[in-house]
Amino acid sequence: MRLGVNIDHVATLREARGTVYPDPLDAAILCARAGAHSITAHLREDRRHIQDDDIFRLKELQTLPLNLEMANDESIIEIALNVKPAEVCLVPEKRQELTTEGGLDVIGHLESLKDSVASLTEAGIEVSLFVEPHEMTLAACKDIGAKVVELHTGAYCDAEPQDRPVLLEQLIRGADFAHEMGMKVNAGHGINLENLGGILCIPHLHTLNIGHSVICRALFHGLENAVSEMLEAVMEYNG
Ligand code: PXP
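Have a look at this one:
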């Protein structure tokens, strides 16, 4: 099992103040040092966190494979074809959403997704489709040439404990189905240390992509050090 860390929130903090820090590239380097297997960054159409320049720097200046999350949009596909990340994960995107809500409507966008999968694959990029674990959707992914699917774990992760078994069963069946069809299976969204136990029951998983909970925990793991550091610097005062 491999861990991909989504570092979008580092850029969210930077953009909130319009500063040059914190830099998602520094975050990626720390993730590599901690043993993460890949870095995920979402270049959104509204550029609310990750910027084009981040994507180029994340590809060139750190060692982990870059998984570029993006909408199936012509101008962003063009950027991906220039940057050539190791992977592209196509996701649905709405401007007003706080985060990616739901999986791709693959059946509703068969032709345009098929073209994008083909051109990205031709450029040597591994393409995954972020989808709900439904058999018809997964079969459509296979039909249009996707070699990888990322199962959307959000519904399971955000559900009340009593609702989780049914949702976990759907993820397990979806993973089995995708694997039987020869596709690689990744998973992500909403995963944290509390709900991870269920996620680890899903078979055939290659990579888990986790962002929000890791960055949130990093804040609290790092806060004490940050305050101590600042205190030490302030104590230099001798006026
Ligand atoms: N995978 C995909 C396709 C996503 O869109 C996201 C959210 O950006 C994640 C994984 C990570 O989700 P979270 O931030 O909830 O861990």
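Going from the sequence shown to our numbering is simple: count from 1 and add 47.
Glycine is no exception: its CB is placed at the ideal position from the N, C-alpha and C atoms.
No experiment lies behind these values; they were computed from the predicted model shown.
Rounded to the nearest whole angstrom, the CA to CA distance from I238 to H199 is 10 Å. Below 8 Å, too few C-beta pairs join the stretch 58-66 and the stretch 222-239 to call them touching: fewer than three. R64: member of the alpha helix (DSSP H) spanning D55 to R64, first to last residue.
With a 10 Å radius around the Cβ and a threshold of 16 neighbouring Cβ atoms, G171 comes out exposed.
E173 and M277 have their C-alpha atoms roughly 44 Å apart. In this structure L137 does not touch L90 by the C-beta definition: roughly 12 Å separates them, more than the 8 Å allowed.
A contact is defined here as three or more CB-CB pairs under 8 Å, and the stretch 145-160 fails this definition with respect to the stretch 92-110.
Look at N272 here: in three-state DSSP terms it is helix. The closest heavy atom of ligand 1 lies 7 Å or more from the beta carbon of G245. With respect to P139, G150 sits close: the two C-beta atoms are nearer than 8 Å. In the DSSP annotation of this structure, I97 is not part of any alpha helix (DSSP H), being labelled neither H nor E. Annotation for T184: V153 and V178 place their beta carbon closer than 6 Å to its own, counting only its chain and skipping 5 residues before and after. With a threshold of 16 other beta carbon atoms within 10 Å, H268 falls short and is exposed.
If one requires a minimum length of 4 residues, the alpha helix (DSSP H) runs lying completely within the stretch 200-250 are 201-205, 211-227 and 243-246, in chain order. The stretch 170-202 contains, as complete beta strand (DSSP E) runs of 3+ residues, the segments 173-178 and 195-199 (chain order). The Cβ atoms of L50 and L255 sit closer than 8 Å to each other. L128: member of the alpha helix (DSSP H) spanning E121 to V130, first to last residue. Between the C-alpha atoms of V196 and E283 there is a straight-line separation of about 54 Å.
For T110, the three-state secondary structure derived from DSSP is coil. Apart from sequence neighbours up to five positions away, the residues of its chain that approach K106 with a beta-carbon distance below 8 Å are L113, V130, K131 and P132, ordered along the chain.
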